[in-house]
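Chemist: I am attaching a structure below and will ask some questions about it afterwards.
In structure tokens:
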């Protein structure tokens, strides 16, 4: 997400939404323009932003912090600048006194070399101080004084702009984003998978975010204990803070907000029909206060039509819904039941307003749940069934139990994976001794709702097995989930296969084709992971023969989806893409966010491999969106994002996503994606020339951090990259020690063609490092040809890049140029931007060396100064410009100038190319 900044007549341009980036941008705007306005609603982080800007300012800093009521105290702002203004505080200020104050303020602010005046909460700055400060800023001049002013408003910051005069740059403080929330949680040792739910709860408001994090940290389990679902009682502090925010608006506005909070998609017309006659005015007031966000409207011809709104944070909606008494809320629900046009929502409101038991209303709610499920709204269906169960009379226990079981299944399948709803339904069934089938359904629904986090489910599995007793169909369902748990949580592939086979046998005996197909599909997946592709295909054929529609199993659990995944493993990417695209409308119709996420992730991987890098990045973005909306574990989608950015985005983005994926997967206990994230992190470091960091990742994998079998397709990929890292570090004995088992593993089956090409490339790098350049060039040529035949252009370009380096070392300049020009063509056609940049850098250096003006082999690098060589080493280590400036005892601007000189001398265009140059041994 970006934030537009009105840049003082120089146009509008984006500012990244991280707090540090915004602080940097505001500081730079101050340096250029001498004045900046920042604004945002209550709790947005304006004060923290001003403090960050003050810390970055190189000159003196004077702060003016205003509070409610200060606007009534003349000179209350000025006295914070200097005690010299104390005699004038609180009294009447005539014209002559005002002139004296202006002169005194100008003299005070001229004393230091270009000081910064930071004025917080301008809306409470008294008029005298505002007039004097504004005049002093103009008198001193923006080249000798800088002023940053913050105003609490979601609209135009008129007070702050008036203080600065003219047309100052205006920077809205952006809300916290998904990554910022995940970072805050991880810094507290909390799981990243909570980030989507926490972001929805706080709405990006940093005050509410801090309260959420504080409450959740207090609720975190003891060290070593696994994390469960997001504990809602850990959000109570944020809810209390949201209540305080609500109390800043009048009581009659709060009553309208309560009705809005109880509605599904409130608009001003709905609120009016529900009895809130001043809805338009009250909604406008709440929007100005930042409590509501207008989504649509007004759409009438005179601009007075309905305005659709939502609360700026879920905490605000919860706080608003909790105001008043229970009787007030029941009245609101009855009014909304009569006002809404959706009959399903009308039933929900009526059932919520009903006390005790009511059989007709319970039956209405159950029928409405069926309609909600058919419309794809599983969350609403679950809520209606829980209401139906509550309203069911006690003399109908079987009906109540069935409704609870269905509620658990709908909660597990809901877009946001409602673990709490599934758990409540299951707890009721267990407590009330529901039928075994209903209890097993509900308990497994809780397991399903937990997504990748299956580390603390032993009790659930034990209860499900106990309820299943000797029923083969129920036991098959339990064994199938046990197979998933063994695969994801512990990478026990043999155990997962045993569970899957047991589930298949039980399901076949029970005559349940759907369960049988799902179990065979899981068995086929494990056979492939264990390096038995023929057995995997046989199991998959058996699953497909049962002809169970994919939507009946869930697309990601279907044999059709696994067939597409196996095609990916076997290198048949075009076939895989066709199969995945055929499944996409099935997933969209079913509305399963997890299925859509898995499909988008797979399509991203396939398109990246095929060289459709722009499409791959788009699929990854869609997968991230589905992950956030459904509150899924973010580790898998961040891994995929790292993978596709490594192909066609940027290595910097890839490294960031890889680190996030690694942290999230570790916190989830997801060993499968911990392994994958370690691999992609190591690969990105290798591509960026950071050999030491690459080695650390691959050493961890080799030492057991990745326990995949050596013939697992993913294991083959990371081991080939590990060989390259060991070779780049000069650890040839380690590199060759991994090559021989890889040769043996990839020679077994035709499906290993891609892995064989990657192993050939790794061998060529080992030969080059050992000095056997002639043989290395030949093996590189074979690998590049193999990747071309396989239709893997990015891998082909990567191989050509390395081959050209060898030709350059052989002093075959024309051959190197020809190979790199081939690489340029291949990478450009694929949209492989990071690889294109590396290739262009090599060609530029080669051209400079040929002309005798630049290039690492033309002697130019030897003309680097000692300080420039030290800077190059710091960049290669991954140091940022501020860190390098601190180490070199110079300013950040000096570092930037030095880097520009270095880039020109060695023929690169950016930090990535420079680090890669050092890592390959060709550079400085």
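In this note's numbering, the protein residues as written are 1 to 924.
Yeah, the Cβ is synthetic: ideal placement off N, Cα and C, and Gly gets one too.
Apart from the five residues on each side of it in sequence, which residues of its chain come closer than 6 Å, Cβ to Cβ, to residue 555?
Modeler: Taking the chain shown and counting its residues from 1, one reaches residue 555 at position 555. For residue 555, where only same-chain residues beyond five positions count, the Cβ hits under 6 Å are 561, 583, 586, 587, 595.
Chemist: Going by DSSP, what residue range makes up the alpha helix (DSSP H) through residue 84?
Modeler: Indexing the chain shown from 1 puts residue 84 at position 84. Segment: none, residue 84 is in no alpha helix (DSSP H) and carries neither H nor E.
Chemist: Would you report the Cα separation of residue 784 and residue 684, rounded to the nearest angstrom?
Modeler: Reading the chain shown from its first residue, position 784 is the one you call residue 784. Reading the chain shown from its first residue, position 684 is the one you call residue 684. Computed Cα separation, rounded: 20 Å.
Chemist: Is the separation between the beta-carbon of residue 563 and that of residue 579 shorter than 9 Å?
Modeler: Along the chain shown, one-based indexing puts residue 563 at 563. Along the chain shown, one-based indexing puts residue 579 at 579. Yes.
Chemist: Determine the DSSP secondary structure at residue 151, reduced to helix, strand or coil.
Modeler: Reading the chain shown from its first residue, position 151 is the one you call residue 151. Here residue 151 sits in strand by DSSP.
Chemist: On the three-pair Cβ rule with 8 Å, is the region 381 to 390 touching the region 365 to 372?
Modeler: With a cut-off of 8 Å, the region 365 to 372 and the region 381 to 390 count as touching, because enough Cβ pairs lie within range.
Chemist: What three-state label does DSSP hand residue 61 in the structure shown?
Modeler: Within the chain shown, the letter at position 61 stands for residue 61. Three-state DSSP puts residue 61 in a strand.
Chemist: Give me the Cα-Cα distance between residue 308 and residue 323, rounded to the nearest whole angstrom.
Modeler: For this step, residue 308 is matched to residue 308 along the chain shown. For this step, residue 323 is matched to residue 323 along the chain shown. Looking at the two C-alpha atoms, the distance is approximately 22 Å.
Chemist: On a CA-only basis, which of 652, 340, 479 is nearest residue 835? Give me that one, please.
Modeler: In the chain shown, residue 835 corresponds to position 835, counting from 1. Comparing Cα-Cα distances from residue 835 to each of 652, 340, 479, the minimum goes to 652.
Chemist: Go ahead and pull the three-state DSSP assignment for residue 908.
Modeler: If you number the chain shown from 1, residue 908 lands on position 908. In the structure shown, residue 908 sits in coil (DSSP, three-state: anything other than H, G, I, E or B).
Chemist: In whole angstroms, what is the alpha-carbon distance linking residue 123 and residue 865?
Modeler: Your numbering for residue 123 matches position 123 in the chain shown. Your numbering for residue 865 matches position 865 in the chain shown. Cα-Cα distance, rounded: 53 Å.
Chemist: Contact check, residue 321 vs residue 261 under 8 Å by CB: the rounded distance?
Modeler: The residue labelled residue 321 in the question sits at position 321 within the chain shown. The residue labelled residue 261 in the question sits at position 261 within the chain shown. That pair is a contact at about 4 Å.
Chemist: Do residue 704 and residue 674 have their beta-carbon atoms positioned less than 9 Å apart in this structure?
Modeler: As a working note, residue 674 is residue 674 in the chain shown. As a working note, residue 704 is residue 704 in the chain shown. Not a contact, by the Cβ cut-off of 9 Å.
Chemist: Does the region 165 to 182 touch the region 29 to 39, meaning 3 or more C-beta pairs lie closer than 8 Å?
Modeler: Touching, yes, given that three or more Cβ pairs across the two stretches are closer than 8 Å.
Chemist: With a CB to CB cut of under 6 Å and the five nearest residues on each side skipped, what residues in its chain are close to residue 613?
Modeler: For this step, residue 613 is matched to residue 613 along the chain shown. So the list reads 647, 648, 830, 831, 832, once near-sequence residues are dropped.
Chemist: Would you list, in sequence order, the uninterrupted beta strand (DSSP E) runs of no fewer than 3 residues that lie entirely inside the region 274 to 299?
Modeler: The region 274 to 299 contains these whole beta strand (DSSP E) runs: 292 to 296.
Chemist: Tell me the rounded alpha-carbon separation between residue 175 and residue 203.
Modeler: Position 175 of the chain shown, counting from 1, holds the residue named residue 175. Position 203 of the chain shown, counting from 1, holds the residue named residue 203. Whole-angstrom Cα-Cα distance: 8 Å.
Chemist: At the level of alpha carbons, what is the spacing between residue 906 and residue 873?
Modeler: The residue labelled residue 906 in the question sits at position 906 within the chain shown. The residue labelled residue 873 in the question sits at position 873 within the chain shown. The alpha-carbon atoms of residue 906 and residue 873 are separated by roughly 14 Å.
Chemist: Between which two residues does the beta strand (DSSP E) containing residue 232 stretch?
Modeler: Along the chain shown, one-based indexing puts residue 232 at 232. Residue 232 -> no beta strand (DSSP E), and no H or E assigned at all.
Chemist: If you draw a straight line from the C-alpha of residue 286 to the C-alpha of residue 276, how long is it?
Modeler: Translated into the one-based positions of the chain shown, residue 286 becomes position 286. Translated into the one-based positions of the chain shown, residue 276 becomes position 276. Cα-Cα distance, rounded: 14 Å.
Chemist: Below 9 Å between beta carbons: does that hold for residue 147 and residue 128?
Modeler: In the chain shown, counting from the first residue as 1, residue 147 sits at position 147. In the chain shown, counting from the first residue as 1, residue 128 sits at position 128. No.
Chemist: So, at 8 Å on beta carbons, what are the nonlocal neighbours of residue 254 in its own chain, with the 5 sequence-adjacent residues on each side left out?
Modeler: Position 254 of the chain shown holds residue 254. Hits under 8 Å: 246, 247, 320, 323.
Chemist: Could you round the C-beta distance between residue 362 and residue 391 to whole angstroms and report it? I think they count as a contact, below 8 Å.
Modeler: As a first step, residue 362 must be located in the chain shown, where it is residue number 362. As a first step, residue 391 must be located in the chain shown, where it is residue number 391. Their Cβ separation, rounded to whole angstroms, is 4 Å, which keeps residue 362 and residue 391 in contact under 8 Å.
Chemist: If we ignore side chains and look at the alpha-carbon of each, how far apart do residue 858 and residue 883 end up?
Modeler: Position 858 of the chain shown, counted from the start, is the residue given in the question as residue 858. Position 883 of the chain shown, counted from the start, is the residue given in the question as residue 883. At residue 858, the pLDDT of 35 sits below 50, so the modelled position is not reliable; the number obtained from the coordinates is stated separately. Their Cα atoms are separated by approximately 31 Å.
Chemist: To the nearest angstrom, report how far apart residue 654 and residue 780 are at their CA atoms.
Modeler: Mapped onto the chain shown, residue 654 falls at position 654. Mapped onto the chain shown, residue 780 falls at position 780. So the two alpha carbons sit approximately 26 Å from each other.
Chemist: Could you spell out where the beta strand (DSSP E) holding residue 167 opens and where it closes?
Modeler: The residue labelled residue 167 in the question sits at position 167 within the chain shown. Taken as a continuous stretch (DSSP letters only), residue 167 belongs to no beta strand (DSSP E), as it is neither H nor E.
Chemist: Is residue 975 helix, strand or coil when you go by DSSP?
Modeler: Given a span of 1 to 924 for the chain in the structure shown, any question on residue 975 remains unanswerable.
Chemist: What are the boundary residues of the alpha helix (DSSP H) that includes residue 310?
Modeler: Taking the chain shown and counting its residues from 1, one reaches residue 310 at position 310. Residue 310 -> not in any alpha helix (DSSP H); beta strand (DSSP E) instead, spanning 308 to 311.
Chemist: How far does the beta strand (DSSP E) with residue 38 in it extend, from its first residue to its last?
Modeler: On the chain shown, residue 38 is found 38 positions in, with the first residue counted as 1. Counting along the chain, the beta strand (DSSP E) containing residue 38 begins and ends at 35 to 40.
Chemist: Helix, strand or coil for residue 19 per DSSP?
Modeler: Counting from one through the chain shown, the residue named residue 19 turns up at place 19. Helix, per DSSP.
Chemist: Spatial neighbours of residue 575 within its chain, please: C-beta separation below 6 Å, excluding the five flanking residues on both sides.
Modeler: Position 575 of the chain shown, counted from the start, is the residue given in the question as residue 575. Counting only Cβ-Cβ distances below 6 Å, and skipping sequence neighbours, we find 567.
Chemist: Which residues mark the beginning and the end of the alpha helix (DSSP H) in which residue 548 is found?
Modeler: The sequence position of residue 548 within the chain shown is 548, counting from 1. No alpha helix (DSSP H) holds residue 548; DSSP gives it neither H nor E.
Chemist: Just to confirm, are residue 102 and residue 59 a CB contact at a threshold of 9 Å?
Modeler: Reading the chain shown from its first residue, position 102 is the one you call residue 102. Reading the chain shown from its first residue, position 59 is the one you call residue 59. Their beta carbons are not under 9 Å apart, which means residue 102 does not touch residue 59 by this criterion.
Chemist: Roughly how many whole angstroms lie between the Cα atoms of residue 92 and residue 109?
Modeler: Residue 92 sits at position 92 when you count from the first residue of the chain shown. Residue 109 sits at position 109 when you count from the first residue of the chain shown. Computed Cα separation, rounded: 24 Å.
Chemist: For residue 391, which three-state DSSP category applies?
Modeler: On the chain shown, residue 391 is found 391 positions in, with the first residue counted as 1. Correct three-state label for residue 391: helix.
Chemist: Would you list the one or two residues that DSSP bridges to residue 267?
Modeler: Within the chain shown, numbered from 1, the residue matching residue 267 stands at position 267. Residue 267 is bridged to 308.
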